[in-house]
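S.K.:
2 protein chains.
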Amino acid sequence: MSKPRAKLTDNFPGCPVESTLGFLDGKWKGVILYHLLENGTLRFNELRRRIPSVTQRMLTKQLRELEEAGLLERTVFAVVPPRVDYTLTPLGLSLEPVITALRVWGKEHVICRDGKKFVVAPEEQVALEAA
Amino acid sequence: MSKPRAKLTDNFPGCPVESTLGFLDGKWKGVILYHLLENGTLRFNELRRRIPSVTQRMLTKQLRELEEAGLLERTVFAVVPPRVDYTLTPLGLSLEPVITALRVWGKEHVICRDGKKFVVAPEEQVALEAA
DNA sequence: TTTCACGGTATACTTTTGGGTACTATACAC
DNA sequence: GTGTATAGTACCCAAAAGTATACCGTGAAA
């Protein structure tokens, strides 16, 4: 997607980190990739039900970007009502260690409470309450 | 940082992924974290030299945000010229598996060439040339 | 006949957010 | 005056996200 990330003009150390993050830029991409990793193939509406607060518009948009980046593929069925399946490509599947690391860290260090995000430091100490 | 990410109002599956990504949002944060992980403590200018195309303004800004998120701490020395050291907190250090996963994936799948980014699919096939 | 539901996507427009530029500041040394 | 190292403010604009509305074909219900 087009979210600004470190330009890859220079191939400086740490550049691969930002490159990878560039593939995950976009409000719902991390979650989308997570669900496709967990479930294999999902329809548009199945994804939407798993991500309660995403709008149709944004889900369509992010899915298209992920497709363009080569991380997933769409299978359009010539049926009515319309049916479109989304599956990760081998490239998308190769992101599994990344998504897993992200999920594990988030699960251990971030607590959701009353719409707020609490960060838990490794010492189980609430280091910061971020709105 | 303040880049739009999935709100944590709902604690739906996949939410931890987006939570973690929220800590990495910002043009230079991935690289900054990488360098601090590799080197322990770095001064402002040492960081800047390792990230060739970052501006002072943006580096200051992203460092401040990382500090506010509890991922790093600043040590200000009462000297002239000014000296400020940046070190990861334990929370920041706990991101090591994440940063490593990002770096490994980027190294294997993204090629930088002539200012363009090429994606290499697991089958060593150039799947997409992304500008 | 008309309306609604189904599932998915498009266009037009608005609002929000992030990254960048330009300039300024500090104290000391040369 | 210029350089060192670090960081602040003001402002601009591009990009991302969001809202509203429309579209498609078929079947069912009013």
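Protein sequence lines correspond, in order, to chains A and B. Just so we're aligned, residue 0 is where the first sequence starts under numbering that gives the first Met the number 0, counting upward by one. Just so we're aligned, residue 0 is where the second sequence starts under numbering that gives the first Met the number 0, counting upward by one. A virtual CB, placed ideally from N, CA and C, is assigned to each residue, including glycine. Quick caveat: nothing in here was measured; it's all calculated off a predicted structure.
Please confirm whether any heavy atom of the ligand ZN lies closer than 6 Å to the CB of N44 (chain B).
M.R.: Among the components of this structure there are no ligands whatsoever, and the ligand ZN is therefore not found.
S.K.: Going along the chain, which residues of the segment 25–36 of chain A sit with their C-beta nearer than 7 Å to a C-beta in chain B?
M.R.: Per Cβ criterion, the list reads K26, W27, G29, V30, Y33, H34.
S.K.: Indicate whether at least one CB of chain A lies closer than 7 Å to the CB of E64 (chain B).
M.R.: So no, E64 (chain B) is outside the interface.
S.K.: DSSP three-state label for T54 (chain A), please.
M.R.: It is coil, neither helix nor strand.
S.K.: For the beta strand (DSSP E) that F76 (chain B) lies in, which residues bound it at each end?
M.R.: 71–76 is the span of the beta strand (DSSP E), which, as asked, contains F76 (chain B).
S.K.: If you count every other CB in all the chains shown that lies within 10 Å of the CB of P15 (chain A), and 16 or more means buried, which is it?
M.R.: With 16 or more Cβ atoms within 10 Å of its Cβ, P15 (chain A) is classed as buried.
S.K.: Just checking: is the beta-carbon of R56 (chain B) within a distance shorter than 7 Å of some beta-carbon in chain A?
M.R.: No, because no Cβ of chain A sits closer than 7 Å to the Cβ of R56 (chain B).
S.K.: Looking at Y85 (chain B): is its Cβ nearer than 7 Å to the Cβ of L71 (chain B)?
M.R.: In this structure, L71 (chain B) lies closer than 7 Å to Y85 (chain B) by Cβ.
S.K.: Can you find a CB in chain B that lies within less than 7 Å of the CB of E95 (chain A)?
M.R.: It does not: the Cβ of E95 (chain A) has no partner Cβ on chain B nearer than 7 Å.
S.K.: Tell me which residues share the same chain as P96 (chain A) and place their Cβ nearer than 6 Å to its Cβ, disregarding the 5 neighbours each side in the sequence.
M.R.: Cβ within range, chain order: n/a, list empty.
S.K.: Quick check: the segment 28–41 of chain B against the segment 24–35 of chain A, are there 3 or more CB pairs under 8 Å?
M.R.: No, the segment 28–41 of chain B is not in contact with the segment 24–35 of chain A.
S.K.: Taking T99 (chain B) as part of the alpha helix (DSSP H), name the residues at either end of that continuous run.
M.R.: Run containing T99 (chain B): 95–108, per the alpha helix (DSSP H) assignment.
S.K.: List, in chain order, every chain A residue whose beta-carbon is nearer than 7 Å to that of R47 (chain B).
M.R.: Under the 7 Å cutoff, chain A gives no residues; its nearest Cβ is about 12 Å from R47 (chain B).
S.K.: Closer than 8 Å, Cβ to any Cβ of chain A: which residues of the segment 67–90 of chain B, in chain order?
M.R.: Residues passing the 8 Å Cβ filter: E67, A68, G69, T88, P89, L90.
S.K.: Does the beta carbon of S1 (chain A) sit closer than 7 Å to a beta carbon anywhere in chain B?
M.R.: With a pLDDT of 31 at S1 (chain A), under the threshold of 50, the modelled position of that residue is not reliable, and the figure given next carries that caveat. Taking Cβ atoms only, chain B never reaches closer than 7 Å to S1 (chain A), which makes this a no.
S.K.: Nearest-angstrom Cα distance between E64 (chain A) and K26 (chain B)?
M.R.: Distance between the alpha carbons of E64 (chain A) and K26 (chain B): 19 Å.
S.K.: Kindly list, in the order they appear in chain B, the residues whose Cβ is closer than 7 Å to that of R102 (chain A).
M.R.: Residues of chain B passing the Cβ test: P15, V16.
S.K.: Just reading off the beta strand (DSSP E) that V83 (chain A) is part of, what are its end residues?
M.R.: 82–87 is the span of the beta strand (DSSP E), which, as asked, contains V83 (chain A).
S.K.: When burial is assigned at 16 or more other CB atoms within 10 Å of the CB, is Q145 (chain B) buried or exposed?
M.R.: Given a span of 0 to 130 for chain B in the structure shown, any question on residue 145 (chain B) remains unanswerable.
S.K.: In whole angstroms, give me the CA-to-CA distance for F22 (chain A) and E37 (chain A).
M.R.: For F22 (chain A) and E37 (chain A), the distance between alpha carbons rounds to 19 Å.
S.K.: Is V118 (chain B) closer than 7 Å to S18 (chain A) when the C-beta atoms are compared?
M.R.: For S18 (chain A) and V118 (chain B), no; Cβs fall outside 7 Å.
S.K.: Could you spell out where the alpha helix (DSSP H) holding F43 (chain B) opens and where it closes?
M.R.: 43–49 is the span of the alpha helix (DSSP H), which, as asked, contains F43 (chain B).
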